[in-house]
Amino acid sequence: MDSITQAALGASLAGAVAGKTLGRSALLVGAVLGTLPDLDVIIDYGTAVANFTQHRGFSHSLFVLLPLSVLLAFALHRWRPHLGYGRWFALTALVLMTHPLLDAFTTYGTQLFWPIGPPVAISSIFIIDPLYTLPLLIGITAFLIRGPQTSAIMAGLLLSTLYLGWSATAQQIIQERVGPTLAKEGLEEAPRLVQPMPFNTVLWRVTVVGEEKRVEIVTGFFDGDGPVTVEHFSREPSLAKAATSLPEGQRLDWFTRGFLHYDMDGDQLTATDIRLGIPGAHPFTFILAKYHGDRLEPEPSSQLERPAIGGELLGVLWSRMTGSAEVLCLASLTLPPPGEGCT
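Residue numbering for the sequence shown follows numbering that gives the first Met the number 0, beginning at 0 and increasing consecutively.
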């Protein structure tokens, strides 16, 4: 999740555990601890793919954060001994370990069990969702105004947790809705990603990757019982084979679970993470290698410039999310007239 949300979650948990003893300083400690795992972004691993796939790695591992909680609790207890060590440990462990657990509900991928196992990506909530964050911020504000009473903070934590549970429930509902359509496409067994569109859990995007094609579906809870609109995107198996023959291509394929689009930019072989953003506005496209004649030569990966996201796109998303538009065509990021589909 975004830094504001993680700081708010950390402050809320610290306030709930130690607010009555430490007062407002508990919120500051929790906010700092809540952002600590994301400091791995300052590490340069040498290439764009390495930086992309190592983020949310060791600093988000439960195997690292648990012993770190023991050490930090000891240091904080020395600073404020009137709060017992057990309470300090509960505070640090809760704040540090809920950070990656919350991140795991997003799409990016969180290596909870680094150095073993693949990234965890439940994909039920967007990286920024005001309806998750606002209850936390309201509880914190009430605590700052009223003093060390934790009822508002506890209420904020309860509401945000219930909303997170709703996001997982909504995801399953959308899974069931698109099942018959994907069966007609012959893709019922293909890798599938169901995730909310930006900033909400009302409108959802379904991405399914087959051998020769991928399909994209946008559907939401204001769509009624009408048929869903399916868009088709071509795939290049030969480019996928070439990319996954490269060490960095293999790493990227592992991290994204294969949700990649391969293309040629001149003589450069590129790979785009199609999980993040939306078609036409995917933020992560990497150059993996160059062709010299028929020979593919790998090079240290670099990242293409991110596409700009303007106000028009946000307006399109709002119209589709609220149901005022029936169809959103991802290939062109346009809203066709009522009764028409995507071409």
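Backbone N, C-alpha and C define an ideal beta-carbon position, used for all residues, glycine too. These numbers come from a predicted model, not from an experiment.
Within 10 angstroms of its Cβ, does D224 collect 16 or more other Cβ (buried), or is it exposed? Residue numbering aside, residue 224 sits at position 225 when the sequence shown is read from its first letter. Flag for D224 reads exposed.
Determine the direct distance from the alpha carbon of T271 to that of H260, and round the result to whole angstroms. Residue 260 sits at position 261 when you count from the first residue of the sequence shown. Residue 271 sits at position 272 when you count from the first residue of the sequence shown. Going from the Cα of H260 to the Cα of T271 covers about 5 Å.
Could you give the first and the last residue of the continuous alpha helix (DSSP H) run that contains D102? For the purposes of this step, residue 102 is taken as the residue at position 103 of the sequence shown. First-last of the alpha helix (DSSP H) with D102: Y84 to D102.
Sort F285, L295, P129 and G29 by Cα distance to T255 and report the nearest one. As a first step, residue 255 must be located in the sequence shown, where it is residue number 256. Selected option, being the one with the closest Cα: F285.
For V119, collect the residues of the same chain with a Cβ closer than 6 Å to its Cβ; drop the 5 residues on either side in sequence, then sort them by chain order. For the purposes of this step, residue 119 is taken as residue 120 along the sequence shown, with counting starting at 1. The residues are A103, T109 and L111.
Supposed contact pair S244 and Q170 - C-beta distance, whole angstroms, cut 8 Å: For the purposes of this step, residue 170 is taken as the residue at position 171 of the sequence shown. For the purposes of this step, residue 244 is taken as the residue at position 245 of the sequence shown. Actually they do not touch by this definition, with Cβ atoms about 34 Å apart.
Beta-carbon proximity check, T228 vs K19, cutoff 9 Å: Here residue 228 refers to the residue found at position 229 of the sequence shown. Here residue 19 refers to the residue found at position 20 of the sequence shown. Cβ atoms of T228 and K19: not closer than 9 Å.
Taking C-alpha atoms, which residue in F88, G56 and R77 lies nearest to L32? Counting from one through the sequence shown, the residue named residue 32 turns up at place 33. Checking every option, the nearest Cα to that of L32 belongs to F88.
I think L135 touches M96, with their Cβ atoms under 8 Å apart; what is that distance to the nearest whole Å? Mapped onto the sequence shown, residue 135 falls at position 136. Mapped onto the sequence shown, residue 96 falls at position 97. The pair is not a contact, with the Cβ atoms about 17 Å apart (cut-off 8 Å).
Looking at Y107 and L275, is the spacing between their C-beta atoms short of 9 Å? Sequence index remark: in the sequence shown, residue 275 carries index 276 (1-based). Sequence index remark: in the sequence shown, residue 107 carries index 108 (1-based). Yes, Cβ-Cβ distance for L275 and Y107 is below 9 Å.
Just the Cα atoms here: how many angstroms apart are Y290 and S331? Position 291 of the sequence shown, counted from the first residue, corresponds to residue 290. Position 332 of the sequence shown, counted from the first residue, corresponds to residue 331. Those two C-alpha atoms are separated by around 29 Å.
Determine the closest residue to G345 out of V69, V40, S68 and L65, with distance taken between C-alpha atoms. In the structure as shown, the chain begins at 0 and stops at 342. Residue 345 is therefore absent and cannot be evaluated.
If I follow the unbroken alpha helix (DSSP H) through I144, where does it start and stop? Sequence index remark: in the sequence shown, residue 144 carries index 145 (1-based). Taken as a continuous stretch (DSSP letters only), the alpha helix (DSSP H) holding I144 covers P129 to R145.
Secondary structure of M263, DSSP reduced to three states: Position 264 of the sequence shown, counted from the first residue, corresponds to residue 263. Annotated three-state conformation of M263 is strand, per DSSP.
Locate the beta strand (DSSP E) running through T206, then write down its first and last residues. Looking up residue 206 in the sequence shown gives position 207. Element bounds for T206: L202 to V208.
Using the Cβ count rule (16 or more neighbours within 10 Å means buried), how would you classify W78? Taking the first residue of the sequence shown as position 1, residue 78 is located at position 79. Result: exposed.
Let me know if Q194 comes out buried or exposed under the rule of 16 or more other beta-carbons within 10 Å of its beta-carbon. Position 195 of the sequence shown holds residue 194. The residue in question, Q194, is buried, as its Cβ has 16 or more Cβ neighbours within 10 Å.
So does the segment 7-25 actually touch the segment 140-159, counting three or more Cβ pairs closer than 8 Å? yes
Other residues of its chain near T206: CB distance less than 6 Å, five sequence neighbours each side excluded: Within the sequence shown, numbered from 1, the residue matching residue 206 stands at position 207. Excluding sequence neighbours, T206 sits near L192 and E215.
State the Cα-Cα distance for the pair G322 and S159, rounded to the nearest angstrom. Taking the first residue of the sequence shown as 1, we reach residue 322 at position 323. Taking the first residue of the sequence shown as 1, we reach residue 159 at position 160. Approximately 25 Å, taken between the alpha carbons.
Confirm, please, whether the CB-CB distance from V217 to L327 is below 9 Å. Working through the sequence shown from its first residue, we reach residue 327 at position 328. Working through the sequence shown from its first residue, we reach residue 217 at position 218. The Cβ atoms of L327 and V217 lie closer than 9 Å to each other.
Taking 8 Å as the limit between beta carbons, can you name the residues of its chain near V63, skipping five residues before and five after? Mapped onto the sequence shown, residue 63 falls at position 64. Result list for V63: F57 and W113, in chain order.
Tell me where the beta strand (DSSP E) around H291 begins and ends. Here the question's residue 291 lines up with position 292 in the sequence shown. First-last of the beta strand (DSSP E) with H291: T284 to H291.
Could you tell me which residues DSSP pairs with T218 in its beta bridges? The residue labelled residue 218 in the question sits at position 219 within the sequence shown. Here T218 is bridged, per DSSP, to W203.
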